[in-house]
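Working notes, structure below.
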Amino acid sequence: MSPSATALGVILAIVALGSAIGFYAGARRKMDLEQWTVAGRGFGVLLMWLLMAGEVYTTFSFLGASGWAYSRGAPTLYILAYITLAYVVSFFILPPIWELGRRHKLQTQSDFFAWRYRSKYLVAAVSLVGIVFMIPYLELQITGFGIIAEVASFDGISRNPAMLVAVILLTGFVLTGGLRAVAWVSVLKDILMLIAAVSVGIGIPYVYFGGIGPMFTALIHAKPSHFVMPGATGNLGHAWYISTVLLTGLGVYMWPHSFGAAFSAKSSGTLRRNAVVMPLYTLSLTFMLFVGFAAILVIPNLRDGDLSLLAMVRKTFPPWFLGVIGGAGALTAMVPAAILVLSSATVFAKNLCRPLFAPDMNDHQVGRIARIMVVVISLISLYLAIHGSTTLVSLLLLAYAGITQLFPGVVLGLFWKRVTMPGVFAGLTFGVASMAILFLTKHDPFLGLSAGFLGLCANFTIAIALSLLSKPTPQPAESCL
172 MSPSATALGV ILAIVALGSA IGFYAGARRK MDLEQWTVAG RGFGVLLMWL LMAGEVYTTF
232 SFLGASGWAY SRGAPTLYIL AYITLAYVVS FFILPPIWEL GRRHKLQTQS DFFAWRYRSK
292 YLVAAVSLVG IVFMIPYLEL QITGFGIIAE VASFDGISRN PAMLVAVILL TGFVLTGGLR
352 AVAWVSVLKD ILMLIAAVSV GIGIPYVYFG GIGPMFTALI HAKPSHFVMP GATGNLGHAW
412 YISTVLLTGL GVYMWPHSFG AAFSAKSSGT LRRNAVVMPL YTLSLTFMLF VGFAAILVIP
472 NLRDGDLSLL AMVRKTFPPW FLGVIGGAGA LTAMVPAAIL VLSSATVFAK NLCRPLFAPD
532 MNDHQVGRIA RIMVVVISLI SLYLAIHGST TLVSLLLLAY AGITQLFPGV VLGLFWKRVT
592 MPGVFAGLTF GVASMAILFL TKHDPFLGLS AGFLGLCANF TIAIALSLLS KPTPQPAESC
652 L
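Structure, rendered in structure tokens:
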């Protein structure tokens, strides 16, 4: 059997197994809106850990981290810092969010804004921000799947057909199994990803350099500037690093899918324990960085840094192991893509379509529209993935710059009684508009700082100032929503 056929066969077997798990998980339950979106609020520590790892550790972790290590160098280390900061933030904000969700039957992030601020127009704005900025994140996952299939099959499968297959599969098990399907597929995905990360992260430096220490010694002699800020870039210095860590660390649980996943926990204590153990998973990212750094000397002049991990595996290991790595990467793309599609479609139907256009719509009708939007959003993201050319990390940073603008409305709504709807609405609008202008005019970073962080600072300032100047929003009664 040819190397291409061997690797491709293993990849297909892993993807088929993951898809079967997803379909089976949903087939055992009646999928009403509550089960479809928050899995009946019954996940314990292990499933919550796997689900949230499935959301946070995506194709970006698998390919983008090693890609930036290869092409950018030192700025890549922001990845390890921001994810660790995010778990500290989650320890304090997710338990009270869960309590509100249980008490008032909240299912989405927009439900929280509806309960706290009592404005369907703010809810619509929050929903639009969530959907719009989840699309580049979803595009990242689909693009990553295409890269994995292309390289791991020794170019036996081209990128576009592979991305189409991925969209069909993830759409299928989202439609049938909802959040429960995603969580169970995460079990297989996380086991394979940990095996892949440790194997290649330790094995590749030993094969080519005799160890991790000797690898860095060789790299520092060959490319010393690659390992100090701004690395191989001209503008990603210390100010960019600090501002980007803050922006992305505060934004991890502002994603509608991550926010909504908190509602599926069994208790608030489950979320606190999850925040304590999740940093252990971050260790896997260091192994991905090792592979990207090793590729600098082993396979220089790659046309695309995002190819570095798979190219190194293809060069170093037998085809069957490349298939295992490719299968792990494929699930790493499909699991977060599935939950992104699920969250986007639910938010569109429940928090945008129903309050603005059909207030009398029941949950069954909402679920039907959400399932239609699963297909629509998947196709839009597939089109963008086919025609896009941005690196995986750049897509992620663009998405974070927008989604983190929801943070002031959440944290002020939780912990400051004086915050008002006009303040949050104005801050959100200005924050999104300012970061969008800076990105579109190619001024990111601006004055050395992340454009999204500057938008977030303006967002906070406006929200607090207007809240102090405007009439307080009445506090929601415990019996509301």
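Final position of the sequence shown in our numbering is 652; the numbers increase by one with none missing. By construction, the Cβ of each residue, glycine as well, lies at the ideal position given by its N, Cα and C atoms. Since the model is a prediction, treat every value here as computed from it, not as a measurement.
First through last residue of the alpha helix (DSSP H) which encompasses Gln576: Taken as a continuous stretch (DSSP letters only), Gln576 belongs to no alpha helix (DSSP H), as it is neither H nor E.
Assigned exposure category for Ser514 - 16 Cβ within 10 Å defines buried: buried
Contact set for Trp269: own chain, Cβ-Cβ below 7 Å, skip 5 residues either direction: The beta carbon of Trp269 sits closer than 7 Å to the beta carbons of Ala433, Phe434, Ala436, Ser439 and Leu442 from its chain, once the five residues preceding and following it are set aside; these are given in chain order.
For Phe617, the residue or residues it bridges with in DSSP: Phe617 is bridged by DSSP to Leu620.
Spatial distance of Met459 from Ile635 (CA atoms): Those two C-alpha atoms are separated by around 40 Å.
Closer than 7 Å to chain C by CB, Ser552: The structure shown contains no chain C; it is built from a single protein chain.
Neighbourhood of Leu183 by C-beta, 7 Å cutoff - its chain only, sequence neighbours within 5 removed: none
For Val590, the three-state DSSP class (helix, strand or coil): coil
Backbone CA spacing between Ala176 and Met334 [nearest angstrom]: 19 Å
Cβ pair Thr487, Ile366 closer than 7 Å: no
Met505 versus Ile264, Leu277, Phe283 and Gly315, residue with shortest Cα-Cα distance: Gly315
4 or more residues per run - each alpha helix (DSSP H) lying fully within the region 447-516: Along the length of the region 447-516, whole alpha helix (DSSP H) runs at least 4 residues long occupy 450-469 and 479-487, reported in chain order.
Beta-carbon contacts of Asp203 that lie in its chain and below 6 Å, excluding the five residues immediately before and after: At Asp203, the pLDDT of 48 sits below 50, so the modelled position is not reliable; the number obtained from the coordinates is stated separately. Nothing listed; no residue qualifies.
Three-pair Cβ contact test at 8 Å for the region 285-294 versus the region 580-593: yes
Beta-carbon proximity check, Tyr308 vs Ala570, cutoff 7 Å: yes
Beta-carbon proximity list for Gly573, same chain, < 8 Å, skipping 5 on both sides: Val300, Val303, Phe304, Val603, Met606, Ala607 and Gly623
Best match in Gly327, Val259 and Leu256 for proximity to Ser173 [C-alpha to C-alpha]: Gly327
6 Å Cβ shell around Ser290 - same chain, five flanking residues per side excluded: Met592
Sequence-distant residues of the same chain with beta carbon closer than 8 Å to Leu271, five excluded per side: Leu277, Phe283 and Trp286
Whole-number beta carbon distance between Asn522 and Ser261, since they are thought to touch under 8 Å: Actually they do not touch by this definition, with Cβ atoms about 22 Å apart.
Pro490 burial status per 10 Å Cβ neighbour count (16 or more: buried): By the 10 Å Cβ count, Pro490 comes out buried.
Pro401, DSSP secondary structure in three states: Looking at Pro401 - three-state DSSP - the assignment turns out to be coil, as it is neither helix nor strand.
Buried or exposed (CB count within 10 angstroms, at least 16 for buried), Arg589: exposed
Buried/exposed call for Lys360, threshold 16 Cβ in 10 Å: So Lys360 counts as buried.
Cβ-based burial, Asp615 [other Cβ within 10 Å; buried from 16]: Residue environment: Asp615 is assigned as buried (16 or more neighbouring CB atoms within 10 Å of its CB, all protein chains considered).
Supposed contact pair Ile318 and Arg330 - C-beta distance, whole angstroms, cut 8 Å: Their Cβ separation, rounded to whole angstroms, is 7 Å, which keeps Arg330 and Ile318 in contact under 8 Å.
Run of the alpha helix (DSSP H) containing Phe231, from where it starts to where it stops: Taken as a continuous stretch (DSSP letters only), Phe231 belongs to no alpha helix (DSSP H), as it is neither H nor E.
Nearest-angstrom Cα separation, counted from Gly422 out to Gly580: Here the alpha carbon of Gly580 sits roughly 12 Å from the alpha carbon of Gly422.
Phe617 versus Asn406 - alpha carbon distance: 9 Å
Collapsed DSSP secondary structure at Pro530 in the structure displayed: coil
Residues near Leu637 by beta carbon distance below 6 Å, same chain, minus five either side: If we look at Leu637 and ignore the five residues flanking it on each side, its Cβ neighbours are Pro593, Gly594 and Ala597.
Ile633 versus Phe578: straight-line alpha-carbon distance, rounded: 13 Å
Host alpha helix (DSSP H) of Tyr308 (start-end): Lys291 to Ala323
DSSP state of Leu568 mapped onto helix, strand, coil: Note: Leu568 maps to helix in three-state DSSP.
Minimum C-alpha distance to Thr279 - residue among Asn533, Ala520 and Gly497: Ala520
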